[in-house]
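Novice: Starting off with a structure, shown below.
Number of protein chains: 2
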Amino acid sequence: MTFYQKLVHHHKKISRLEHLEAICGWDQAAMMPEGGNTARSEALAELAVIKHELSTAPYLSGWFEQANSEQLEADDVTSLLEMQRSWQQANIVPAELVEKKSLACSKCEHAWRTQREKNDWQGFSQNLKEVVELARQEAQIRAEATGLSRYDALLDLYEPGMTTHELDKLFSEVKSWLPDLILQIMERQSQDISIQPVGPFPVEQQQSLSHALMTKFGFDFNHGRLDKSMHPFCGGVPTDVRITTRYDEADFTSALMGVIHETGHARYEQSLPEKWAGLPVGKARSMGIHESQSLFFEMQLSRNELFIETLAPMAAETFQRSDDPALSAENLTLLNTRVKPGHIRVDADEATYPAHVILRYEIERDLIEGKIEVEDIPELWDKKMSEYLGVSTKGNFIDGCMQDIHWTFGAFGYFPSYTLGAMYAAQFMVSINKEMNVDNLVRERNLQPIFNWLDRHVWKRASTVSTDQLLIDATGERLNAQFFKQHLEQRYLK
Amino acid sequence: MTFYQKLVHHHKKISRLEHLEAICGWDQAAMMPEGGNTARSEALAELAVIKHELSTAPYLSGWFEQANSEQLEADDVTSLLEMQRSWQQANIVPAELVEKKSLACSKCEHAWRTQREKNDWQGFSQNLKEVVELARQEAQIRAEATGLSRYDALLDLYEPGMTTHELDKLFSEVKSWLPDLILQIMERQSQDISIQPVGPFPVEQQQSLSHALMTKFGFDFNHGRLDKSMHPFCGGVPTDVRITTRYDEADFTSALMGVIHETGHARYEQSLPEKWAGLPVGKARSMGIHESQSLFFEMQLSRNELFIETLAPMAAETFQRSDDPALSAENLTLLNTRVKPGHIRVDADEATYPAHVILRYEIERDLIEGKIEVEDIPELWDKKMSEYLGVSTKGNFIDGCMQDIHWTFGAFGYFPSYTLGAMYAAQFMVSINKEMNVDNLVRERNLQPIFNWLDRHVWKRASTVSTDQLLIDATGERLNAQFFKQHLEQRYLK
Ligand SMILES: [Zn+2]
Ligand SMILES: [Zn+2]
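Residue numbers (this note's numbering), protein chains in the order written: chain A, 127 to 620; chain B, 127 to 620.
Right, here's the structure in full:
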C-alpha cells in the first residue's frame, strides 16, 4: 500500500466516524427525548476524542511527507492537498488551547441562553471576553502557520481562500449602494397592500406540501428524510441527508421557504461525487458555496414570482383554500418579497440581510485583529445598524449584539459566508441564464436543466478546485458583487 | 487512579461507543431510507472494529491482574468480576476465527433470505454447515477456557450459569406434561366461538392506543420512544430506550401485544441502576431474564382476562367501535388466549411456544456437541414437531427448519432464553401474588405495586447477582418449571 493509499484509508475511517456523529447529532435534535441528552452528549464527546486522536495521529506527518514524494495522478494530488489542508488545520492549534477554548465556549453559550432573555450584556460580555481572548490566541497561531493575517486565518476555516482584503472590497462596494437601494425598494413597496394568511395551517398539510416541493426540487428520498426540529438544519451524510424544519400553524410560508432552503443544501450533499466519498476533496467546497446553493433554491428560484405561480395553487389545494385571496400568487409574491429593515438577522429579507452580515464582519474582524474590545461592541452595533438600516438598538442587547449564537462558540469568520452565498448564487444565475431561459423553465415547471447546470458546475466539483477557480470555470470570472446588485434591482425595482 | 478505576473508565468509554451503535442501529431499522444502507453498514462496522480493539486491548490483562489485588468494596468486587467475565468472553476466541465466522454468517444469512422463499434446503444447508463448523470451533475454544461443555460455553453467552444438565432436566419435565396439556386445552377450546375483528384499524389510532398502554405500563417517554420498523425490537440505551412495532391495519392486537411485550423489555432497561450505568454489572442479567420481563408484561399481565377488561374499552373507544362485539372483553380474551399448534415459532401461543423452543434446543445442542450433522436436521425437526405438537413439516423447510434467522448468524444457545423467560415470569408472578393480590390490582387498574416488586427484585439488581441468586432472592428458590405448568393450567384449564 502506498502512503497515499494509507492516507485515503485513514480519512475514510474518520469519515465513517463522522457518519455516526452526524446521525446521532441529527437524532439528538430531531428524535431524542429530553432525558436522553446527558448520555448522548457524553457519547458524542467520546467520539470527538477518538476522531481527534485519529486526525492528529503522530504518524500522519511522516505519511504526508512520504505521500508527497510518490508518483500520483493529478486527481490524487488534489485529493492529497485537501487531506493535508484539513490535517494542518486540525494540528496547528495545541490540544491545550483547543480544550480551553472549548470549555470557555460551552460556558459562554450555556450562560448566553439565559443572559440573552434577561438582556444581561454585563454578564455576557465577561464570558465573551474570555472566548475572544482564546480566539485571538488561536488566530495568532493559525496566522503564523499559514502566513495569513489573524482574521484571515479564521476565515480560512469556513471560506478557504477568502481574505479580509477581498471582503473589504466586496462589502464596501455593497455598502456604497445598499442603504440607498433599500430606501428605494421601501418607497416602491410603500403602496403595496398584502393580506396576511390566517391559520391554522395544519402541520400534516404543511408536511405534505413540503414533501411535494422537495420532490419538485429533486430531493432524493431514497437518500434522505425531512423531519422536525427546534432549529432547522441540514445534517446527515451524503448518502442519507437529513433536513429538518419547524412548523408554525399560524404561518406556512416560513417552514416552506425553510424547507426549500435546506433542500438546496441537501441536493449539494446528495450530489457530491461518489468517487471522492469519505475524503476531504469530496466534501462541499466551503460554507459560502454551500449557502449559495440553499439561497439559489430559496431566493433565486422560489421567491421568483413565476415560481410562486406554481407554488400558490399547490398551497391552495393542500390547505383546501382555493378561494382564499391570501393564497393567491400575487399576494404570496408580495409577502415573499417584502423588504423591511429590522433588528433580527434570521428574520431579514434578502435585501437587508447583507447589512446584518457586513456589520458583524466589521466587528469580528476588528475584534480578532485587536483593534476593538468586547466593550466596544454595543456602541458599534448601534452605530452601524443606524447607518446601514436606520434601526436603533441602543440598550437593546437581546435584539442587538446578543441575538446570535455564533460568537458564543467562538465561530469568528463564519458570518461572511451568508452574504458570499447570496452573491455566488446571483452570479451563478446570470451564467445559467446565458445558457437557458430560466424564467421560461420555471414557467414550464421544468427545473431539471437548471439542476444539471448546478450539478456540473458546483455539486460534482466538490473540493477538487478552489472557490475562485470554481467561480471562474462556472461564470467566467471571480466573485463580482455587481451580479447581486443587479439581481436585487431586477427583482425589486423593475 | 487505581487499576479498578482505570477499568471503570475504560468500560464507560466502550459503553459510550455502544450508545452510538445502538442509536445508529435503531435509526437503520426505523428511520433510514434504503439508499443509506451501505454507508451506514460501513460506519457501524468501523465502530465495531474500534470497540473490539478497546475490548481486547493488550494492557487490560495487566490491569485486571492489578485490580484483583486491590482493596475493593464488596460492590466493586462484583463489578470487577462482571468486567472480567465480559473481557474474557471477548478475548477467548482468536480474531481470525471471529472474522471467519462473521463472514460465513453474513454469507449464510444473506443467502437464507432468498433460499427460504424458494424452500431451498440443499443450498441453505451448504452454508449452514460452514457456520456450524465454525461455531463448533468457537465452542471448543470457549469450553477449554471455561471448563464448560461445548454447548454450555455458548449458552453462557446468553444465559450465564445455565447448563445443558439443568436445561435437560427442566425441558424433559415440560415435555412430560406439555403435549397432553395442549390436547386438553384444545379440547376445552373446541367449543369456543370467537369473532375475528374486521379492519381497517387505522395506524394512527393503533399508535395512540399503543401510547396509552405504554403509559399505563409505566414507560417513561422522557427516556424513550415508540416507532415503526419491519421487525419489532427494543433498542437504544437505558436513558433513551427505543422500541418499535409493525402495524397491520387488518389486525390491531398483534401490534398491541407486541408493544406491550417490548414495553416489558423497555422498563427493565429504563430501570437499571444509575449507579452502575455504563458498566457490565449494570446491564440486564441475561437474555432469559430480559425475556421474562417482556413475557411478564405480555403474557402474565396482558393476556389475563381481567386486564383485557381494561384494554377492551380502550380499544373500542380509540377505534370508535363501542358496539362492535369483536372488541368486547370476552371476545378479545378468547382471541388472546387461543391455543393452536402451528408450524411457526413467532406465531405460537404461550402454551405451544415451549415445544418450538425445546425442539430447537435439542437439535442445536446435539449439533454443537457433534452428535448430529446438519443433514440430520430436517428429519429430526419433522419427528419432534409431530411428537410435541402433532404437526408435520415433511419437505416444508420454509415453515420448518428454515424459518428462523438465529442459526444463520451462528447464535447457537440463544433459543432456550425464550422459554426460560416464560418460566421465570410465571415464577415471579407466584411470588408477587404472595405479597399482593394481582388480580385485584389489575381490576383496580393499579399496576404500580407490581412494577415496584419487579423494580426491587429484578430491574435494580441488574447483573449484581447471578441468575440463580436473583431467583432465590426474589422467589425463595431456583427456577422451577412447576410454576409455569400451574400458570398454564390455571389460565387454560380452570
Ligand atoms: Zn443555509
Ligand atoms: Zn422479547
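Positions of the beta carbon are idealized from the N, C-alpha and C atoms, including for glycine.
All values reported here derive from a predicted model rather than from experimental measurement.
What is the residue span of the beta strand (DSSP E) that aspartate 366/A lies within?
Specialist: Residues 366 to 371.
Novice: With respect to 7 Å, is the separation between the Cβ of histidine 391/A and the closest non-hydrogen atom of ligand 4 below this value?
Specialist: This structure lacks ligand 4; its bound ligands are ligand 1 and ligand 2.
Novice: Out of Leu619/B, Trp402/B, Ile218/B, state which residue places its alpha-carbon closest to the alpha-carbon of histidine 135/B.
Specialist: Nearest of Leu619/B, Trp402/B, Ile218/B to histidine 135/B, Cα basis: Trp402/B.
Novice: Is there at least one Cβ from chain B nearer than 8 Å to lysine 139/A's Cβ?
Specialist: Closer than 8 Å: yes.
Novice: Which residues in chain B have a C-beta closer than 8 Å to the C-beta of leucine 493/A? List them in chain order.
Specialist: Those do not exist, as leucine 493/A stays about 36 Å from chain B at its closest Cβ, beyond 8 Å.
Novice: At a CB distance below 9 Å, what residues from the region 536 to 559 of chain A approach chain B? Give them in sequence order.
Specialist: Those would be none; no residue qualifies.
Novice: Nearest to glutamate 375/A by CA position, among Tyr277/A, Phe327/A, Gln419/A, Gln331/A, is which residue?
Specialist: Checked all of Tyr277/A, Phe327/A, Gln419/A, Gln331/A; the closest Cα to glutamate 375/A is Phe327/A.
Novice: Looking only at its chain, what residues have a beta carbon closer than 7 Å to the beta carbon of arginine 617/B, apart from the 5 residues adjacent to it on each side?
Specialist: Excluding residues within five positions, the ones whose Cβ falls inside 7 Å are Thr463.
Novice: Which residue from Gln331/B, Gln315/B, Glu208/B puts its Cα closest to that of asparagine 194/B?
Specialist: Ranking the options by Cα distance to asparagine 194/B, first place goes to Glu208/B.
Novice: Please find out if some non-hydrogen atom of ligand 2 comes closer than 7 Å to the beta-carbon of serine 420/B.
Specialist: Under cutoff, so the answer is yes.
Novice: Can you tell me the Cβ-Cβ gap for phenylalanine 523/B and asparagine 245/B, rounded? I've got them flagged as a contact below 8 Å.
Specialist: Correct: roughly 5 Å between the Cβ atoms.
Novice: Mind checking if phenylalanine 433/B is an interface residue toward chain A, Cβ cutoff 8 Å exclusive?
Specialist: Cβ-Cβ to chain A under 8 Å: no for phenylalanine 433/B.
Novice: Residues of chain B with a CB under 7 Å from the CB of asparagine 563/A: which are they?
Specialist: Under the 7 Å cutoff, chain B gives no residues; its nearest Cβ is about 33 Å from asparagine 563/A.
Novice: If we call anything under 8 Å between Cβ atoms a contact, is cysteine 527/A one with isoleucine 503/A?
Specialist: Yes, the Cβ-Cβ distance between cysteine 527/A and isoleucine 503/A is below 8 Å.
Novice: When the Cα of isoleucine 558/B is compared with those of Gln574/B, Ser543/B, Glu264/B, which residue comes out closest?
Specialist: Looking at the Cα atoms, Gln574/B is the closest of the given residues.
Novice: Applying the criterion that 16 or more other CB atoms from any shown protein chain within 10 Å of the CB defines a buried residue, is valine 500/A buried or exposed?
Specialist: Buried is the call here.
Novice: My output table needs one value for glycine 496/B: the three-state DSSP class, helix, strand or coil.
Specialist: Of the three classes helix, strand and coil, the one that applies to glycine 496/B here is coil, per DSSP.
Novice: I'd like to know whether the C-beta of leucine 146/A is nearer than 8 Å to at least one C-beta of chain B.
Specialist: Yes, because at least one Cβ of chain B sits closer than 8 Å to the Cβ of leucine 146/A.
Novice: Would you mind giving the Cβ-Cβ distance between alanine 261/B and leucine 421/B, rounded to the nearest angstrom? I have them listed as a contact below 8 Å.
Specialist: That belief does not hold up - the Cβ atoms of alanine 261/B and leucine 421/B are roughly 27 Å apart, past 8 Å.
Novice: Counting C-beta neighbours from all protein chains within 10 Å, is the total for threonine 341/B 16 or more, i.e. buried, or is it exposed?
Specialist: Burial call: exposed.
Novice: Have a look at asparagine 572/B and alanine 392/B and give me their C-alpha separation to the nearest angstrom.
Specialist: Using only the alpha carbons, I get a separation of about 19 Å.
Novice: List the whole-angstrom C-beta distance separating leucine 485/A from lysine 520/A, where the pair is believed to meet the contact cut-off of C-beta under 8 Å.
Specialist: Actually they do not touch by this definition, with Cβ atoms about 15 Å apart.
Novice: Is glutamate 417/B near ligand 2 - that is, is its Cβ less than 7 Å away from at least one heavy atom of it?
Specialist: Yes, the beta carbon of glutamate 417/B sits closer than 7 Å to at least one heavy atom of ligand 2.
Novice: For proline 406/A, which residues in chain B fall below 8 Å Cβ to Cβ?
Specialist: Within 8 Å Cβ-Cβ: nothing; proline 406/A doesn't reach chain B, min ~17 Å.
Novice: Using 8 Å for Cβ pairs, my map puts glutamate 330/B next to methionine 383/B. What's the rounded Cβ distance?
Specialist: Not quite, the Cβ-Cβ distance comes to about 19 Å (not below 8 Å), so this is no contact.
Novice: If you reduce the DSSP assignment to three classes, tell me which class aspartate 508/B lands in.
Specialist: The answer is helix: DSSP assigns aspartate 508/B an H, G or I state.
Novice: What are the partner residues of cysteine 231/B, as DSSP defines its beta bridges?
Specialist: Paired residue(s): none; cysteine 231/B is not in a bridge.
Novice: Should threonine 365/B be flagged as near chain A, meaning a C-beta pair shorter than 8 Å?
Specialist: Answer yes: the Cβ-Cβ gap between threonine 365/B and chain A drops below 8 Å somewhere.
Novice: Helix, strand or coil: how does DSSP classify cysteine 527/A here?
Specialist: Coil at cysteine 527/A, not helix or strand.
Novice: To the nearest angstrom, how far is the alpha carbon of tryptophan 303/B from that of isoleucine 415/B?
Specialist: Whole-angstrom Cα-Cα distance: 24 Å.
Novice: What's the C-alpha gap between glutamine 595/A and alanine 588/A?
Specialist: Glutamine 595/A and alanine 588/A: Cα-Cα distance of roughly 12 Å.
Novice: Determine whether the beta carbon atoms of methionine 356/A and arginine 372/A lie at a separation below 8 Å.
Specialist: Yes. Within cutoff.
Novice: Buried or exposed, going by whether 16 or more other CB atoms sit within 10 Å of the CB of alanine 474/B?
Specialist: That one is buried.
Novice: Histidine 387/B: beta carbon under 7 Å from a heavy atom of ligand 2?
Specialist: Yes.
Novice: Chain A partners of glutamate 400/B, CB-CB under 8 Å?
Specialist: Correct list: empty, because the minimum Cβ distance to chain A is about 11 Å.
Novice: Please list, in chain order, all residues of the same chain as phenylalanine 610/B whose beta carbon is under 7 Å from its beta carbon, the five residues on each side excluded.
Specialist: Result list for phenylalanine 610/B: Ala548, Met549, Ala552, in chain order.
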